[in-house]
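Here's the structure, in structure tokens; my notes come after.
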Amino acid sequence: MADVYDPFDAAFQADPYPAYRRLRDDEPVHRHDDPPFWTLSRFADVWAATRDPATFSSAQGLTFHPDEIGALGLAPTLVMLDPPRHTALRRLVGHGFTPRRTAALEGTLREFVRARIADMERTAADGGTPDLHRDFSSPLPAFALAHLLGVPEADRARFGPWVRALTTLQDDGFAPASMAGDAVDAVAEMFAYFGDVIAARRAEPSDDLIGALTAAEVDGGRLTDWDVLGFCFVMVAGGTDTTANLISHGVALLDGDHAQRERLAADPSLIPGALLEFLRLEGSVQALGRTTTRPVTLHGTEIPEGAKVMMLFGSANRDEREFGPSADRLDVTRTIHRHLGFSSGAHFCIGSHLAKLQARVALEELLGAHPRVGVDLDNAERIMSPFTRGWVSLPATGIG
């Protein structure tokens, strides 16, 4: 089994699903030697681990790097904390980051999406090839987060380099080679920028998300500057590329089954359920790590205390034991009782409602305007990563 799962192998990164199936069937608890970590690949095991932070701790980071928090030179953020500190901080954050606040964005997002579609149409009319990911999917979450956080329009172009830097650091597993130069400089720039914004909101409150977070109070407790800064980090790192890839994956999956694409175009009320199916089949986050706080025995194999354990969400979400014999096939009408597209338990994605809102609006408008929209996979470029499944470039077809 040593060769079945090599997270750094280009062939695996291009198509991890055959390896995932073999892990689930033959070695659901697998040890990887270099770097040393374990994997869980079956749905039931990953689901249980995400809901047991006392045993599977986030406090040592989310990759297989032994000290990614120290490598970044940062204090722990929300995603790298365990209860009870995580619970208290999340409750405070929740006072500013509410479903109602994000739902109020729908009209603004729809206007932005329509403008991006018009840009792609002009590119096609001029004889060019619009890029679904670069021109449509990626700009949307950057715009949404900047708008929510109160970033002035003139500063929003900064988001692109920050997102690319954070993606590079994560996808390299915080390897030493990636911990210098432009990537780390971009992270430092992001923290300096948001530090200034937080100071401005402390001095003069505003109605944007950072303003709400600086004013949030529960049981006499308030968020520190670092808490708010850490939340900005989490939102930029975890809420941009993931949402963009959800939209791009959805279009790519539908282009592989035109009957289901026609069904969604004819009945947009199916889109919210279809988004969960897209997440299940092609999750942006393929794997995240935890560290064991005690020995754990699963399927006759003991994982020792202090071990890094990668939870293979991409494998778990295609597990036939949970989703039946059609687990690896698209079904936009599938009833999904539970899935791991947004993780589960204490660390269930705090931005899930924002991601679903953006993706729903994007697909409603795109399929409404171009019901035969597709992608050119032969000329697409994937993200090559042990942790992320997504796109760098995804040329669009069927527009114009």
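So the sequence shown is numbered by the working numbering: it starts at 535 and just counts up by one.
All residues carry an ideal CB built from backbone N, CA and C; glycine is no exception.
Taking the alpha helix (DSSP H) that Val-830 falls in, what are its first and last residues? Careful: Val-830 lies outside any alpha helix (DSSP H), inside the beta strand (DSSP E) at 830-832.
Which residue comes first and which comes last in the beta strand (DSSP E) that contains Ile-837? Its beta strand (DSSP E) spans residues 835-837.
Put Glu-723 into one of helix, strand or coil per three-state DSSP. Taken through DSSP and simplified to helix, strand or coil, Glu-723 comes out as helix.
Give the straight-line distance between the Cα atoms of Arg-692 and Gly-885, rounded to the nearest whole angstrom. When rounded, the separation of the alpha-carbon atoms in Arg-692 and Gly-885 is 21 Å.
Per the contact definition of three or more C-beta pairs closer than 8 Å, is the stretch 856-867 in contact with the stretch 744-763? At 8 Å Cβ cutoff, the stretches do not touch.
Backbone CA spacing between Arg-668 and Ser-927 [nearest angstrom]: When rounded, the distance between both Cα atoms is 6 Å.
Buried or exposed: where does Gly-823 fall if 16 or more other Cβ atoms within 10 Å of its Cβ makes it buried? Buried, since its Cβ has 16 or more Cβ neighbours within 10 Å.
Do you know offhand how far Pro-570's Cα is from Leu-666's? Straight-line measurement puts the Cα of Leu-666 at about 37 Å from the Cα of Pro-570.
State buried or exposed for Thr-831, treating a residue as buried only when at least 16 other CB atoms are found within 10 Å of its CB. By the 10 Å Cβ count, Thr-831 comes out exposed.
Compare the Cα-Cα distances from Phe-646 to each of Leu-900, Arg-906, Thr-611 and Thr-922 and report the closest residue. Ranking Leu-900, Arg-906, Thr-611 and Thr-922 by Cα distance to Phe-646 puts Leu-900 first.
Measure how close the beta-carbons of Ala-649 and Leu-615 come, nearest whole angstrom, since I'm counting them as under 8 Å. The beta-carbon separation of Ala-649 and Leu-615, rounded to 38 Å, does not stay under the 8 Å limit for a contact.
contact_flag[the stretch 683-697, the stretch 721-740] where n(CB pairs < 8 Å) is 3 or more: Touching, per the Cβ criterion.
Should Thr-826 and Glu-839 be called a contact, given that it needs their Cβ atoms to be closer than 8 Å? In this structure, the beta-carbon distance from Thr-826 to Glu-839 falls below 8 Å.
Span separating the alpha-carbon of Leu-788 from that of Ile-781: Rounded to whole angstroms, Leu-788 to Ile-781 spans 11 Å at the Cα level.
Any idea if Asp-579 is buried or exposed, counting beta-carbon neighbours within 10 angstroms, 16 or more meaning buried? In the assembly as shown, Asp-579 is a buried residue. Its beta-carbon has 16 or more other beta-carbons within 10 Å.
I think Arg-855 touches Phe-577, with their Cβ atoms under 8 Å apart; what is that distance to the nearest whole Å? At roughly 6 Å, the Cβ-Cβ gap stays under 8 Å, so Arg-855 and Phe-577 are in contact.
Integer-rounded CB distance, given that Gly-630 should sit under 8 Å from Leu-747: With 8 Å as the limit, Leu-747 and Gly-630 qualify as a contact, their Cβ atoms being about 4 Å apart.
Is the stretch 652-667 touching the stretch 796-804 in the sense that three or more CB pairs, one from each, lie closer than 8 Å? These segments do not touch.
Going by other Cβ atoms of all chains shown within 10 Å of its Cβ, with 16 needed for buried, is Ser-860 buried or exposed? It is exposed - the Cβ of Ser-860 has fewer than 16 other Cβ atoms within 10 Å.
Tell me which residue opens and which closes the beta strand (DSSP E) that Phe-571 is part of. Judged by DSSP secondary structure, Phe-571 falls within the beta strand (DSSP E) whose first and last residues are 571-574.
Along the chain, which unbroken stretches of the alpha helix (DSSP H) at least 4 residues long are found entirely within the stretch 765-816? With a minimum length of 4 residues, the continuous alpha helix (DSSP H) runs that stay inside the stretch 765-816 are 775-789, 792-800 and 805-815.
Considering only their Cβ atoms, is the gap separating Ala-778 from Leu-643 smaller than 8 Å? Against a cut-off of 8 Å, the Cβ pair of Ala-778 and Leu-643 comes out as no contact.
Report yes if the C-beta distance between Ala-808 and Ser-575 is below 8 Å; otherwise report no. No, Cβ-Cβ distance for Ala-808 and Ser-575 is not below 8 Å.
Answer with buried or exposed for Ala-583, where buried requires no fewer than 16 other C-beta atoms within 10 angstroms of its C-beta. It counts as buried.
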